[in-house]
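Q: Numbering-wise (the UniProt record's numbering), the sequence shown opens with residue 1 and increments by one. Built from N, CA and C at the ideal position, the CB exists for glycine as well.
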Amino acid sequence: MAVVPPNRSQNSWPQVSPSSATSTFQQTNPLTLECTINLYPLTNSLFGTKEPLYEKDSSVARMRKEFDKIGMRRAEEPVLIVHEHGLPHVLLLHRVNFIYN
């Protein structure tokens with residue numbers, strides 16, 4: 001048998017008064033998303049490597065000044081969705097050891 005502290009009841013948590021529960025939480029239909037994603041064969045894409053490009057200026061002081069002026073950088077990474085051997089594959093493309101200028 002569970003022990004209930006005197007200021008709590010054995011009902012559901014969190015404690016909400018019946019009048020505020022109906023006004024705060026509305027009954028909604030479940031959200032369904034319908035979209036078409038085109039999957040192309042991996043053989044349609046060409047992948048290769050290039051010679052590395054070295055940074056001209058790797059000064060930390062310059063990066064601090066840019067941070068004070070611009071703020072935090074936000075970046076996106078591209079994603080490819082392809083199929084190979086009849087199975088979908090998600091490929092994340094990124095630069096190795098990339099420093100943002």
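(1) From the DSSP secondary-structure annotation, give me the bridge partner or partners of residue 84.
(2) Since I believe residue 37 is in contact with residue 81 (beta carbons under 8 angstroms), could you give me their beta-carbon distance rounded to a whole number of angstroms?
(3) Please state the DSSP three-state secondary structure of residue 92.
(4) Are residue 77 and residue 92 closer than 7 angstroms when you measure CB to CB?
A: So, from the data block:
(1) Within the DSSP secondary-structure output, residue 84 pairs in a beta bridge with 87.
(2) 6 angstroms
(3) strand
(4) yes
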